[in-house]
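This report concerns only the one structure given below.
2 protein chains.
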Amino acid sequence: MAAPKKSSRAPLARLSALAVWLLAAAVALTAGQAPRVEAVDLLVRGGAIVTMDARRRVIPNGFLAVRGERIVAVGDAAEATRYRAKTILEAGGKAVLPGLINAHTHAPMTLFRGLADDLALQAWLTRFIFPAEAKNVSREMVRAGTRLACLEMIRGGTTCFVDMYYFEGDIAEVTEAAGMRAILGQTVIDFPVPDALTPQLGLENAERLIQKYKVGHPLITPAVAPHAPYTCAPETLAACRALADKHGAPLVTHLAEADTETRTILERYGQRPILHVERLGLLGPRTIAAHVVQIAADEYPILARRGVGIAHCPQSNMKLAAGVAPIPEMLAAGLAVGLGTDGAASNNDLDMFEEMDTAAKLHKVMRRDPTVLPAQAALEMATIGGARAIHMADRIGSLEVGKLADFIIVDVSSPHQLPNYNLYSTLVYATKSGDVETVAVHGKLLMRDRRVLTLDEAAIRRETAAFRTRILESLEAK
Amino acid sequence: MAAPKKSSRAPLARLSALAVWLLAAAVALTAGQAPRVEAVDLLVRGGAIVTMDARRRVIPNGFLAVRGERIVAVGDAAEATRYRAKTILEAGGKAVLPGLINAHTHAPMTLFRGLADDLALQAWLTRFIFPAEAKNVSREMVRAGTRLACLEMIRGGTTCFVDMYYFEGDIAEVTEAAGMRAILGQTVIDFPVPDALTPQLGLENAERLIQKYKVGHPLITPAVAPHAPYTCAPETLAACRALADKHGAPLVTHLAEADTETRTILERYGQRPILHVERLGLLGPRTIAAHVVQIAADEYPILARRGVGIAHCPQSNMKLAAGVAPIPEMLAAGLAVGLGTDGAASNNDLDMFEEMDTAAKLHKVMRRDPTVLPAQAALEMATIGGARAIHMADRIGSLEVGKLADFIIVDVSSPHQLPNYNLYSTLVYATKSGDVETVAVHGKLLMRDRRVLTLDEAAIRRETAAFRTRILESLEAK
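Taken in order, these protein sequences are the chains called A and B.
Residue numbers for the first sequence follow the numbering used here, so the first one is 1051 and each next one is one higher.
Residue numbers for the second sequence follow the numbering used here, so the first one is 1051 and each next one is one higher.
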């Protein structure tokens, strides 16, 4: 379109030329935007969008638009033309899901993966895990183990995890650098541990962590983590509760995992674990309780009333022979239940796809009813249900406008997934962690086409090998 | 080395020149072979050789030499220099295992994967599986489904499977073309099925299959497969036994899967399923019984005495809520137990690594004992134990001189497998089917560095998509 230029024509002709130019410019401007193209940062185009929203909509050929850290549009692929973005992810023929939420793990324990398996619980803990921890857990080890854990979790489609370990401040720095979202619980325990000789020091560590990552940090939510009712005296548990309340922080704990715990707590305090911690005020709307295998009928309403979130860890509970948590009953009672892998020493991986598959199958056989915990319910526990269980359902767990952009793109056309009649079935019963192709958290890509962007895999291999040698030597040296 | 040539020198000098040449030639010849280099067809060099031999040797840095279809040497990598081969597979840092044995599946049912899940058994069978089979099972469908199954199984490290379906002759041709080893049982059942309107016709199909693949075929072992005690009258079962005995063929059957079966058989014949089929002579040293969940204390010795092999299918039994087979008790009773995935409609995959992981964990939690079924025992069920269960332990299941060269090379350095302290733990609790890199059966490579060599993956995708459409349409049309 030529710009108006000085002319020798009459003023009227010049005015009319100007009018033509203005009209043309207006048309050009409109055409350029028509019908109003909005700029976003990230556009996922095509693919089945498994929203996990309240209506559990699955948009067979959809799109997802992200600006900054938030989802700004979800809909049918036809509407995607209204958006332009520098980064476009083509997801045609794939599935787009909310990022998976691992509601219970101990990230650094990846470095103890397979160190000691198939042992009685006491022998496992006292002969291997506790000595290995006492001799090896350091800030450096925790950082290396968390890097390995984040690498594995990102590669398997996990975008958010709930952790509980030592040196949680170091875990926080590594997790933030990896770009993952996490609730990180600093362990408080009555016996001396690598980062605290007393529970008082553990509480101080926890408060320092909370003050550093004040509520509102984009990725890291600091938390207080009393280890368990059998390793923390009533006054320790009460102090943890007070600290969490003082800062409005989550409280993460193991609860009612094994029958040995039930017996111990009954003996010591005259009550079962859930009633015992209820009496101490440990249960509340920011509490995340892992395992909860040993639950009596009268304890469901307590957990429901208190708004406690449950982290169900089926594979860990199976491998350590803790028992099977009554998840269908918990869901029927309206409890918020998420899924966790537990640490790699007791699973031995951080694979949420296997956890979903196992959960769905385990509860069917326990109740001799194949209709129990269908595929969709298992996927819920790893997404929106998990978000509820960790008290973050207002921000994550589903693909909806306004939520944080934590999503994954999953191949659903591998030979082991075909023919793919029902997407929920395909995702829960046939999809493997290796089918995850792309992972985004807080609007930022962490993995694209199976290449992890935020971690140096070669360096992680090297430091893992070095720690392997060191850990083996530490166990040989008495 | 120069050849002797006509010379003008004296005869003695010429003779001495000849002697020198002969000596030099002898030295050259010896040097070329020193210290006797043997020609083989395939050499796997480096890698931890998990032999699964009687001593369960694991050679940390070993080699495997194959001539024709057999293993001719296994040992320390240092000895590998004694062999030369056109094809050398470098396995340094990886694990070399006997090929996995899937002791029970229905290969063509991959095309029904995920068609109907989470339903009560009767609804699942009568509303979906039986109508889908009645309307869709054809020679063409069975071939397409088997191709998809073989692709998935090869990619997951399975080298041998036991099948039971219709048109088993077509399954045999596809399996042979894919290069896999299999025991293929032609189904005999009392109601009309796609390849036989009567059990008599089923028996004729079975005999035709046996006559075509006479005992001794390199890959395919034909078998008779009476479906189950509740779908076959006593005379049908007896006729199956007679046919199998006539030809020395294996007999494959479902046995004691669900409590509904136990009730039905008790009602009809006044005995529990195992005793019922024992009375009919169905149990013998070539019988492979799938599931065997419902077993009473007095039935163990019967199965042991008869030399029956058991195909344990934990994931299918969980998903269909059949129950949990008492595997630790069976192993303690000396029974031969293998692992099976069952068909993809009830699992929903053919993944033996997941099956091992699930088996090891399931029996721990059932007995509240984490020492039950350790990793090595789970791997045994998928290799040498599986070979015993399918009555082929003299030929496959371990890496030993004289056995058939069915082996797989598995990556053990993926992030989800590190640091790898104990190879059995790594393989059972942390390895995924996607970690399998190379697969050989009968001395022939079927997959190399994750590229399947014997099947056309693109063509399989196309035909799977076509059958998907056809199957969905068949179910919509009433």
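Every residue gets a Cβ at the ideal spot worked out from N, C-alpha and C, and that includes glycine.
Between Ile-1446(A) and Ala-1170(A), the alpha-carbon positions lie close to 38 Å from each other. Of all residues in the region 1253-1282 of chain A, none places a beta-carbon less than 9 Å from a beta-carbon of chain B. Separation of the CB atoms of Gly-1235(B) and Ala-1288(B) is rounded to 17 Å, and the pair is thereby denied contact status at 8 Å. Per DSSP, Pro-1424(A) is not a residue of any beta strand (DSSP E), being assigned neither H nor E. Those residues of the region 1464-1475 of chain A placed with their C-beta closer than 7 Å to a C-beta in chain B are Pro-1465, His-1466, Leu-1468, Pro-1469, Asn-1470, Tyr-1471, Asn-1472, Ser-1475, ordered along the chain. Judged by beta-carbon spacing, Tyr-1280(A) lies beyond the 8 Å limit of Ile-1270(A), meaning their Cβ atoms are not closer than that value. The residue among Tyr-1216(B), Ala-1432(B), Ile-1324(B), Ala-1166(B) with its C-alpha nearest the C-alpha of Glu-1190(B) is Tyr-1216(B).
Gly-1096(A) is outside the set of residues whose beta carbon lies under 8 Å from a beta carbon in chain B.
Note that the C-beta distance between Leu-1150(A) and Met-1402(A) is below 8 Å. Boundaries of the alpha helix (DSSP H) around Met-1191(A): 1189-1205.
Burial state of Arg-1291(A) is buried, judged by a 10 Å Cβ sphere holding 16 or more other Cβ atoms. Taking 8 Å as the cut-off, the beta carbon of Arg-1336(A) is found closer than this to the beta carbon of His-1441(A). In its chain, beyond the 5 residues on either side, Thr-1101, Met-1102, Asp-1103, Pro-1148, Thr-1433, Ile-1434 have a beta carbon closer than 7 Å to the beta carbon of Ser-1448(B).
Any Cβ of chain A closer than 8 Å to the Cβ of Ala-1170(B) would place that residue at the interface, and such an atom is present. Taking 8 Å as the threshold, the shortest C-beta distance from Leu-1301(B) to chain A does not fall below it.
Residue pairing by DSSP puts Val-1238(A) in a beta bridge opposite Pro-1276(A). Our two residues, Leu-1429(B) and Arg-1120(B), have alpha carbons roughly 22 Å apart in a direct line. The region 1368-1376 of chain B and the region 1340-1353 of chain B touch, with no fewer than 3 CB-CB distances between them shorter than 8 Å.
Counting other Cβ atoms within 10 Å of its Cβ, Lys-1296(A) stays below 16 and is therefore classed as exposed.
The Cβ atoms of Leu-1198(B) and Gly-1493(B) do not sit closer than 8 Å to each other.
The beta-carbon of Pro-1420(B) is placed less than 8 Å from the nearest beta-carbon of chain A.
Interface annotation for the region 1185-1202 of chain B against chain A: Leu-1198, Leu-1201, Glu-1202, criterion Cβ-Cβ distance under 7 Å. Taking a 10 Å sphere around the C-beta of Arg-1322(B), we find 16 or more other C-beta atoms and assign the residue as buried. CA-to-CA, the gap between Ala-1340(A) and Asp-1240(A) works out to about 19 Å.
When the Cα atoms are used, Val-1422(B) and Arg-1417(A) turn out to be separated by approximately 22 Å. Neighbours of Pro-1424(A) in chain B, taken as residues whose beta carbon is under 8 Å from its own, are Asp-1167, Asp-1168 in chain order. Between Gln-1467(A) and Thr-1481(A), the C-beta gap is smaller than 8 Å, which places the two residues in contact. Contact between the region 1127-1144 of chain B and the region 1207-1221 of chain B is absent: fewer than 3 CB-CB pairs across the two stretches fall below 8 Å. Here Pro-1158(A) has Val-1192, Gly-1195, Thr-1196, Tyr-1215 as same chain residues with Cβ atoms under 6 Å from its own Cβ, once five neighbours each way along the sequence are excluded. Listed along the chain, the chain B residues whose CB falls inside 8 Å of the CB of Phe-1517(A) are Pro-1469.
Judged by DSSP secondary structure, Met-1406(B) falls within the alpha helix (DSSP H) whose first and last residues are 1402-1417. Put simply, the CB of Tyr-1350(B) is far from chain A, with every gap to its CB atoms at 8 Å or more. Residue environment: Gly-1393(B) is assigned as buried (16 or more neighbouring CB atoms within 10 Å of its CB, all protein chains considered). For the pair Leu-1353(A) and Leu-1301(A), the CB atoms are not nearer than the 8 Å cut-off. Residue state for Phe-1211(A) is assigned as strand, using DSSP reduced to three classes. Close to chain A, meaning a Cβ-Cβ distance shorter than 8 Å, are the following residues of the region 1362-1373 of chain B: Gln-1365, Asn-1367, Met-1368, Lys-1369, Leu-1370, Ala-1371, Ala-1372, Gly-1373.
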